[in-house]
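The block underneath contains the structure these notes are about, expressed in structure tokens.
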Amino acid sequence: MEYFRKYLGGPQEGGQPTGAETVERLVDRVQSSTLLDDRRDAVRALKAMSKKFRLEVGTQGMDILAKTLEADRGDAEITGYALDALCNILSNEPLDDDDEEIQENVPDDLGNQFTEIFIKKTDNVPALLSLLEEYDFHIRWPTVRLLTILLTNKGKDLQDIILVSPMGVSKLMDLLSDSREIIRNDALLLLIQLTKNNANLQKIVAFENAFERLFDVITEEGDSDGGIVVEDCLLLLLNLLKNNASNQNFFRESSFIQRLSPFFNLKSDQQASQPGWSAQKVTNIHKMLQLVRTLVSPNSPQQQMSACQRSMFQCGLVQQLCTILMASGVPADVLTEVNTGHSHVVLDINGLLLVIIIPAIVVLLMSMVNEKQPFTLRCAVLYCFQSFLYRNEIGQSQIVQTLLPTSSDANTISAGQLLCGGLFSADCLSNWFAAVALLHAIMENSTQKEQLLRVQLATSLGSPPVSLLQQCCNILSQGGKIQTRVGLLMLMCGWMSSCPIVVAHFLTNTANIPFLITQVSASESDENETLVQGLCSFLLGICVLDNDDQNETFNRASLRQIIEKRIGLESFSDKLTQIPKNESYTKAAKKPNFTYKHPSEVVFDFEFTRIFKSLEVDILNTVSPNANAAEHKQKIANLQEHEKVVNQYKELIQEQDTQLKSVSQELELLRSQNGVSTGQLSDLREQVQQLKDQNALLKAQKGSQGAFLDTKKEDDLRNIQEELERLKLYVSEKETAIEKLKGDLTVSEAKVLAYQTDGEEDKENNPSEVAVLQATVNRIKCDLQEAQHMLKERDAEVSRLTTKHNEAQRQIDNLNNIKNENSSQAGGGDTVLLQEEIQKISSEKLALQERLTKANEENLNLIDKVNKAQEETKHVAKDKSEVEEELDNLKKEQEDLLVLLADQDTKIDTYRTRLKDLGEQVEEDDDDDDLGDDDTDDEDDN
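Following UniProt numbering, the numbering of the sequence shown begins with 1 at its first residue and continues without gaps.
Have a look at this one:
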């Protein structure tokens, strides 16, 4: 107490001051002192009292300590004392044994309450994050501890604060690069708390290069041989990857899966020299295997899981897991975890890993059927085997092939030998494991179910071999423990479900059905017997459900009758429905991986529960007395469905008839339009001929024109000559344009002729294009008339079949009435007649449907012909418009040429006059002479 008297000014009257009074004076000294040394000493004293007097220091001094972090940040010593005091106040860790003088009535969650008060002030947490920038050990290390305590007490609240704090996560990630191991190790604990159940922070930490830094730390610490630091790194990796698809994808794309391989390298020389694995190494291997399972978890998206599996296969991780499985000296709990992780890696690979997996599978099955192995290891082996066979038809085939007769070396132990040995061993747990393993080898694979029927077993010397199915029945009839019987019944139910061939083989032995009847009809004694009776009921129901009625003794009807008379439908249903009510069934149906803690809990398998759920209702419906009536109703429903189809075709034919009528009207319209178009084509041809004559005349006139002027005249004569040359050039260009138009006109005529004829042979036989088009239209008209006639005949046929159907329906009603009246005397015969009549009516309806289909095809052909005729008419109309447009263009060009020629004649006359005025002698043009000669010739002709 002498230490405190320095600040309290000596002892008071009446004794020593209380802890609360001392804390109060120390807090006042921190607030009021102007000297840094006084404040430092007061904060040191508060730190010393913060363990023993948490309540007093927290209530009176927590705010002052937080303010000290800001006010005296420049002094590392006082800042460190304040941080240590806050850690003591906010921590919920128990005190040391030396501190026995603890005040009473202190709440257990005092640290949580102080933490809530501390983080309510928005400046406190950012102040702590800013202190991480200080490199001084006495500041950085307690700051990391304090943030870890805050996250432990109020993780969700503090995560939200750090998430919105600028560069908050980056400052925390920089701690992993600190050269001081104690700060780096505590930073790992801080990040583990920070990333719990917060996907956003997990993504930010991952993209802050966390994976690279963590693997570097793991490598520095010695991988799997490292200490607890490696375990902390793996815990942080699990936080970042579990249920976070984005981080998993980033982890795979950044090639970090390849960096998992060195972790599983087992050095054989070290293993031989060491007596066993250390507890920390076992823990590290467990965490790494959990990491592998996280990456290939079935809960992940299928595409991402497959990509991770491929990466693990390519980098050799699968081979390493197989090596661990077959290595000696590996602890049993590690083998258990390796099996579980290995099962996720090979899940749904579809046989890509058979070369690697099959040898390992044999080693695993040895452990599974060995009763001396630990129970958890055997469960893990079975789960690995199930995962390997899940939707893997190639793997299923490989396992079943080892059960079939082969010429391979008899000394080689195969998976089939191990499974058969376990199935018929004296250990009931081995029986159950082997039966479930065989069930998964044939799950949803009818081919392998049939192949398994070929398996023959030699029971004893000198005895003939028996089939595997019959041997299962024989062992089941001998009784035994509950796990043996349940395992065999699950195997037989899965084997026979949805496979009538296996059911038929089961029914060939006449002793099997009486055994099942005896088991189901027996009185209940305990819960185990109730389960066996329910499974026997389920197996008996499968025999009814998947019965092909080839066995006259035990066909579907006879089995229904046996169940009704020997067992009773109500009792049968009660036994069957007792299975899903069992607690073991409910537990097994939750998830595929095993959660059994004790061998006595092993009863049902997850895949069997799926089979039971899918078939339970169908079995109850099949054995019910209304099964025959349901089949009859199904047939009636089929007839009604056929009738609906007929009505639909009737409606379709009516629609097609309406369409044909509209097509006929359109054809008449097109026919009239075709006549008009033919007349217009004739007029156009005459106009084209006239234009050809006019073009020839213009060409002759243009060719006869010329201008001859003396080149030795003066400048005025040169200008006249240049003007005449320009006119000649212009006339030449117009002549070229006329020739081009003439060629276009010829092409248009060729197009018109091409669309009017069907080929060269039709041109020779039908010289008139109009006649050809008319013949085509007449042919289409005849086809339409024939189609209408055929539709009328089909309408009559439909009416006749409808009448016949109504008569058949009346006969069915009469037969039903007869059956209802005379059901006790002649029910079987009426049923046969009714079925024959129904089959006859169904055949007639099928024939009608075929006829209607054929008529529909012919109608579609007729519609195609009409569409072709319409298309031809459209082409003719299009060519007509093109020809008219070309004629208009020719007329315009001719008018322009005539105007130009008239202007030329006028200019020539003007130039002659001017030449005469100038005294030059001008000769007459050849055109005038030619015209004069032409006039003379015309007069002579006349």
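Where a beta carbon is used, it is the ideal one built from N, C-alpha and C, also for glycine.
Look at the segment 494-565 and you find these whole runs of alpha helix (DSSP H), each 4 residues long or longer: 500-508, 512-521, 527-545 and 556-562. Counting along the chain, no alpha helix (DSSP H) covers Ser297, and no H or E run does either. Sequence-distant Cβ neighbours of Ala435 in its own chain, meaning closer than 7 Å and more than five residues away, are Leu423, Gly487, Leu488, Met490 and Leu491. Under the DSSP assignment, His138 falls in the alpha helix (DSSP H) whose first and last residues are Phe137 to Asn153. For Leu291, the closest C-alpha among the options Thr323, Ile517, Asn247 and Gln302 is that of Asn247. If you check the CB distance, Leu236 and Leu214 come in under 8 Å. Collapsing the DSSP output to three states places Ser467 in a strand. Under the DSSP assignment, Leu429 falls in the alpha helix (DSSP H) whose first and last residues are Cys428 to Ala441. If the five residues before and after Leu681 are omitted, its C-beta is found closer than 6 Å to no C-beta atom of its own chain.
The segment 545-558 makes no contact with the segment 594-611, as fewer than three CB pairs between them are under 8 Å.
Taking the Cα positions, Ser571 is about 14 Å away from Val532.
Inclusion of Ala42 and Val30 in the CB contact set at 8 Å is warranted, their separation being smaller than that value. Looking from the CA of Glu24, the closest CA among Thr59, Thr34, Lys52 and Asp37 belongs to Thr59. DSSP places Gln478 outside both helix and strand once states are collapsed to three, so it counts as coil.
Between Leu90 and Ile149, the CB-CB gap stays under 8 Å.
Under DSSP, Leu365 forms no beta bridge with any residue. Apart from the 5 residues on each side of it in sequence, Ile501 sits with its Cβ closer than 6 Å to the Cβ of Glu450 in its chain, given in chain order. When rounded, the separation of the alpha-carbon atoms in Met62 and Ala76 is 19 Å. A Cβ-Cβ contact shorter than 8 Å links Leu576 with Ser537. Excluding five sequence positions before and after Thr508, the CB atoms of its chain that fall closer than 8 Å to its own CB belong to Asn551, given in chain order. Straight-line spacing of the CA atoms in Ser498 and Asp546 works out to 6 Å. As computed with DSSP, Leu457 is found in a beta bridge with Val466. The residue among Ser261, Arg40 and Ile285 with its C-alpha nearest the C-alpha of Asp232 is Ile285.
By the beta-carbon neighbour count (other beta carbons within 10 angstroms, threshold 16), Tyr135 is exposed. Met443 and Glu607 do touch by the CB rule: their CB atoms are close to 6 Å apart, below 8 Å. For Phe118, same chain residues with a beta-carbon under 6 Å away, outside a window of 5 residues either side, are Asn124 in chain order. Under the DSSP assignment, Ala45 falls in the alpha helix (DSSP H) whose first and last residues are Leu36 to Met49. In this chain, the alpha helix (DSSP H) harbouring Glu212 covers Ala210 to Glu221. Cys420: member of the alpha helix (DSSP H) spanning Ala415 to Leu423, first to last residue. Shown here for Leu615: same chain residues with a beta carbon closer than 8 Å to its own, the five before and five after excluded, namely Ser497, Phe538, Gly541, Ile542 and Leu545 in chain order. The beta carbons of Gln320 and Phe264 sit about 4 Å from each other, so the pair counts as a contact at 8 Å. Here Val400 is buried, its C-beta having at least 16 other C-beta atoms within 10 Å.
Between Ser477 and Phe515, the C-beta gap is smaller than 8 Å, which places the two residues in contact. Using a 10 angstroms sphere on the CB of Leu46, the tally of other CB atoms reaches 16 or more, which defines it as buried. Leu129 has its alpha-carbon roughly 24 Å from the corresponding atom of Leu110.
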